[in-house]
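Let me begin by presenting the structure, written as structure tokens, before commenting on it.
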Amino acid sequence: MVEEVKLFRTWSSPYALRVVWALQLKGIQYESVLEDVSEKSDLVRRYNPVYKKVPVLLHNGRPISESLIILEYIDETWKQHPLLPRDPYARTMARFWAKFGDDKVMQSIWTAFLSEGKEQEAALAEASEHLQKLEEVLRGKKFFGGDNIGYLDIALGWLANLIRVFEEICSLKVVDYERFPLLCAWLKEFSYAPVIKDCWPPHDKLIPKFIALRQLHHAKLSST
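Counted the way full-length UniProt numbering counts, the sequence shown spans residues 1 to 224.
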């Protein structure tokens with residue numbers, strides 16, 4: 001039986017990129033279906049009726065949504081190149097830090113990117129505090145997954161891409177070597193791993209996209 005594997009995503013989504021990396025690492029053949037985030041297709045509404053958003057993985061007609069959940073499904077379905085550790089405690093900690101990355105790290109960095117002045121300074125201080133925790137998690141390791149890229153590396157992989165974009169647009173420094181030597185080393189190792197670097201969205205397209213998002217945010221604030 002030929003497996004049907006489709007990934008509904010947008011070209012720039014860091015969440016969808018997690019699924020792309022996982023499939024690539026596992027060597028799974030799949031069809032990528034690019035969606036317009038401003039006009040959700042009928043298929044996305046059909047396959048993800050709860051959230052009506054991408055990414056959505058369609059495996060033999062069965063849809064799975066939410067990127068971290070999709071990662072676990074991929075890891076349990078295709079056993080080659082395990083993403084999550086075998087040890088139950090280590091597996092739980094990987095999930096914990098992945099959620100921390102989404103709930104704390106991403107939110108504080110996103111706030112810093114959108115804001116200015118004292119609000120931005122406060123958000124950067126909060127982001128730095130969160131990043132310091134990730135620095136400690138990396139101690140003694142090449143990747144968050146150990147010697148190889150794993151679940152937590154993929155979950156935090158957006159850092160290797162969007163931080164550079166945000167720093168370029170806002171002329172600010174989020175991660176520097178003096179404060180975060182382990183994170184800086186990880187960012188480099190992860191970014192240039194062959195299966196990772198070949199999947200990055202075009203940097204020259206990301207810059208105007210996020211400039212427009214920032215301008216739209218400020219326009220909404222000034223109109224209220």
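Even glycine gets a Cβ: it sits at the ideal position worked out from N, Cα and C.
Predicted model only: the values in this text are computed from it and were never measured.
What residue from the options has the CA that sits closest to residue i's CA?
i: Asn161; options: Lys26, Tyr73, Ser13 and Gly117; result: Ser13
i: Ser32; options: Ala16, Asp102 and Pro181; result: Ala16
i: Glu168; options: Ala94, Phe113, Lys6 and Met93; result: Phe113
i: Trp200; options: Leu71, Ser67, Val19 and Thr77; result: Val19
i: Val2; options: Arg9, Gln29 and Trp21; result: Gln29
i: Val5; options: Arg164, Leu57, Ser223 and Leu216; result: Leu57
i: Met93; options: Trp21, Gly150 and Leu206; result: Gly150
i: Leu156; options: Leu206, His59, Trp21 and Leu213; result: Trp21
i: Ile163; options: Leu187, Ile70 and Pro85; result: Leu187
i: Ile64; options: Phe8, Glu126 and Cys170; result: Phe8
i: Val105; options: Asp87, Ser115 and Leu124; result: Leu124
i: Arg214; options: Cys170, Pro194, Phe144 and Ile70; result: Cys170
What's the C-alpha gap between residue i and residue j?
i: Lys26; j: Trp158; result: 19 Å
i: Val174; j: Trp110; result: 11 Å
i: Cys49; j: Pro181; result: The sequence as given places Pro at residue 49; Cys does not occur at that position. Going from the Cα of Pro49 to the Cα of Pro181 covers about 43 Å.
i: Phe96; j: His203; result: 30 Å
i: Trp78; j: Leu172; result: 41 Å
i: Ser67; j: Lys209; result: 22 Å
i: Lys99; j: Ser222; result: 33 Å
i: Gln107; j: Val54; result: 19 Å
i: Leu23; j: Ile74; result: 7 Å
i: Phe166; j: Leu83; result: 28 Å
i: Lys118; j: His217; result: 17 Å
i: Arg45; j: Lys52; result: 5 Å
i: Ser115; j: Leu131; result: 19 Å
Go to residue i, then tell me how far its beta strand (DSSP E) extends in each direction, as first and last residue.
i: residue 225; result: Nothing in the structure corresponds to residue 225, since the chain is present only between 1 and 224.
How is the alpha helix (DSSP H) around residue i delimited, first residue to last?
i: Val137; result: Gly117 to Val137
i: Arg9; result: Element bounds for Arg9: not the alpha helix (DSSP H) but the beta strand (DSSP E), Val5 to Arg9.
i: Tyr177; result: Neither: Tyr177 is in no alpha helix (DSSP H) and is coded neither H nor E.
i: Ala160; result: Leu159 to Cys170
i: Phe210; result: His203 to Ser222
Contact defined as beta carbons within less than 8 Å: I believe residue i pairs with residue j. What is the distance between those atoms, to the nearest angstrom?
i: Asp153; j: Gly140; result: Actually they do not touch by this definition, with Cβ atoms about 15 Å apart.
Next item on the list: Run through the region 40-88 for me and flag every whole alpha helix (DSSP H) of 4 or more residues, listed as ranges in chain order.
Entry: Along the region 40-88, the alpha helix (DSSP H) occurs as fully enclosed runs of 4 or more residues at 42-47 and 67-77, listed in sequence order.
Next item on the list: Counting only runs of 4+ residues fully inside the region 94-119, write out the alpha helix (DSSP H) ranges in chain order.
Entry: If we require 4 residues or more, the alpha helix (DSSP H) runs fully inside the region 94-119 come out as 106-114.
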